[in-house]
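**Q**
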Amino acid sequence: MIAPLRPSHTNQPLVSVVIPCYNAERWISHAILSCLEQSYRPIEIIVIDDGSTDRSRDILASYSRVITWETGPNRGGNVARNRGLALAQGAYVQFLDADDYLLPDKIATQVAALATTGADGVWGDKIWHHLNEHWRLGQQQVRQAPTTPDTLEALLGGLNIQTATVLLRRQAILDGGGWDETLTSGQETDLLLRMLIAGSQLHYVAGIGAVIRRVPGSVSSKPIRARINNQRIRERALYLLERTQRLTPAYQRAAAQIYFTFAQLAFANGEPARVYHELLHKAYALDPAFHPRQHTRRPSEIYCRMYDWCGFTIAETLVRLRRQSQRKLRTIVRQT
0 MIAPLRPSHT NQPLVSVVIP CYNAERWISH AILSCLEQSY RPIEIIVIDD GSTDRSRDIL
60 ASYSRVITWE TGPNRGGNVA RNRGLALAQG AYVQFLDADD YLLPDKIATQ VAALATTGAD
120 GVWGDKIWHH LNEHWRLGQQ QVRQAPTTPD TLEALLGGLN IQTATVLLRR QAILDGGGWD
180 ETLTSGQETD LLLRMLIAGS QLHYVAGIGA VIRRVPGSVS SKPIRARINN QRIRERALYL
240 LERTQRLTPA YQRAAAQIYF TFAQLAFANG EPARVYHELL HKAYALDPAF HPRQHTRRPS
300 EIYCRMYDWC GFTIAETLVR LRRQSQRKLR TIVRQT
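Each residue of the sequence shown is one higher than the last, beginning at 0 in numbering that gives the first Met the number 0.
1) DSSP beta-bridge partners for W178?
2) According to DSSP, simplified to helix, strand and coil, what is R318?
3) Do V16 and V121 count as a contact pair if the criterion is CB distance below 7 Å?
4) Does DSSP put T70 in a helix, in a strand, or in coil?
5) Run through the DSSP bridge pairs and tell me what I196 is partnered with.
6) What first and last residue would you give for the beta strand (DSSP E) that runs through R168?
7) In its own chain, which residues sit with a C-beta less than 6 Å from the C-beta of V274, not counting the 5 before and 5 after it?
8) Determine the contact status of I160 and Q140, defining contact as a CB-CB distance below 7 Å.
9) With a 10 Å radius around its C-beta and 16 neighbouring C-beta atoms as the bar for buried, classify R321 as buried or exposed.
10) Hey, would you say G208 sits closer than 7 Å to K105, going by beta carbons?
11) Return the chain-ordered list of same chain residues with a C-beta closer than 8 Å to the C-beta of V110, the five sequence neighbours on each side being excluded.
12) Can you say whether D307 is buried or exposed, counting buried as having 16 or more other CB atoms within 10 angstroms of its CB?
13) Can you round the beta-carbon distance between P103 and E43 to whole angstroms, since I take them to be within the 8 Å contact cut?
14) Contact between the stretch 169–184 and the stretch 139–154 is defined here as three or more beta-carbon pairs at a separation below 8 Å; is this criterion met?
15) Over the uninterrupted beta strand (DSSP E) stretch that includes E43, give me the two end residues.
16) Going along the chain, which residues of its own chain have a beta-carbon closer than 8 Å to the beta-carbon of I232, five neighbours each way excluded?
17) Once the 5 residues before and after R82 are set aside, which same chain residues still bring their CB inside 7 Å of it?
18) Just the C-alpha distance for P222 and N268, rounded to the nearest angstrom, thanks.
19) DSSP beta-bridge partners for Q138?
20) Helix, strand or coil for S61 per DSSP?
21) Which residues mark the beginning and the end of the beta strand (DSSP E) in which P19 is found?
22) CA-CA distance, P298 and V318?
23) R297 by DSSP, collapsed to three states: which one?
24) Whole angstroms are fine: how far does the CA of T295 sit from the CA of A144?
25) Roughly how many angstroms lie between the CA atoms of G76 and E180, to the nearest whole one?
26) State the Cα-Cα distance for the pair D96 and R304, rounded to the nearest angstrom.
27) Can you tell me whether E241 is buried or exposed, with buried defined as 16 or more other CB within 10 angstroms of its CB?
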């Protein structure tokens, strides 16, 4: 039996769960149930339907006794998140995509961490569920621990914190400016960077609290768009830091690492050579002493030597050929 969402006698702060929903008939019930089954109380569940054309609205209507929901034209997930934020009454806000779900103690664990640390937000680890066009499932546990005590530096350098793994103070979100409604991917990194630059404190708490589904056709499966959005996000953060005279050498080194990663992604995506050469130029402009060996995701020593001897393009080409041969070998092994 599910406990009342807002019991009459409790001194605990209210947590608002905000779920944007667009054509998520396959997943939305699971997302809502994962909120109802949280060990923490009090909570409220707010679902903003973003103009779904499938059965999502019928499913939401069936939960009307336990959720607050509304629907409108399709304007994008971040518009829906901001609308949910405007309706939220909780001191803390948990954002959850409609195709993801929470583990039962996620909110309780993170509310306790916020009380202990006095931070404006905390995040934890995740489980990836990978689905292909046949809905076959693979699973991977992913730690999201920062590589440096400075969360801003870690995010600039490429730390990827998934939306569902975070719990935030509502006022800190508002102070950071809310969700950027022009972005279609990387929006959680953008929000967290702006919150940190505005003065918020974010802490990592080890432990898996959310399951993230990666499904065919999702924004995260469109690599060129994702790379461009993430580049734009870092450029804005660097601009804000420079404008406030807070662009330290450590932040420049971190940003150089992510620009090198963007160059690698552009090469892997088959983008024009001028794109990844411009990204490499930006990396070295930020940190003239940059070398792949200094990257937090350091490549192999063979790669580093090829980079020194032959340059970026040949080193990346060899990496691509090696990966292709490994994929072919795995295919042969599966067929035998």
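Where is the CB? At the ideal position from N, CA and C, for every residue including glycine.
**A** Concretely, from the data shown:
1) None, per the DSSP bridge assignment.
2) A quick correction: the sequence has Val, not Arg, at residue 318. Under the three-state reduction of DSSP output, V318 falls in the helix class.
3) For V121 and V16, no; Cβs fall outside 7 Å.
4) For T70, the secondary structure class from DSSP, reduced to helix, strand or coil, is strand.
5) Per DSSP, none; premise fails for I196.
6) Start and end: V165 to R168.
7) Excluding sequence positions up to five before and after V274, its CB lies within less than 6 Å of the CB of A265, all in the same chain and listed in chain order.
8) Not a contact, by the Cβ cut-off of 7 Å.
9) Around the beta carbon of R321, fewer than 16 other beta carbons lie within 10 angstroms, which makes this residue exposed.
10) Yes, they are a contact pair.
11) The residues are Q11, P12, V14, Y39, Y91 and L166.
12) Exposed, since its Cβ has fewer than 16 Cβ neighbours within 10 Å.
13) P103 to E43, Cβ: 18 Å. No contact.
14) No, the stretch 169–184 is not in contact with the stretch 139–154.
15) Taken as a continuous stretch (DSSP letters only), the beta strand (DSSP E) holding E43 covers I42 to D48.
16) Excluding positions up to five away in sequence, the list reads L182, G185, T188, D189 and L192.
17) When the five nearest sequence neighbours on each side are left out, the beta carbons in the same chain lying within less than 7 Å of the beta carbon of R82 are those of I47, in order along the chain.
18) N268 has its alpha-carbon roughly 7 Å from the corresponding atom of P222.
19) Partner(s): H128.
20) S61 falls in the helix class under three-state DSSP.
21) Its beta strand (DSSP E) spans residues V14 to C20.
22) If you draw a straight line from the Cα of P298 to the Cα of V318, it comes to about 10 Å.
23) It is coil, neither helix nor strand.
24) So the alpha carbons of these two residues sit roughly 12 Å apart.
25) Our two residues, G76 and E180, have alpha carbons roughly 8 Å apart in a direct line.
26) Each residue's CA atom was taken as its position, placing D96 and R304 some 42 Å apart.
27) It counts as exposed.
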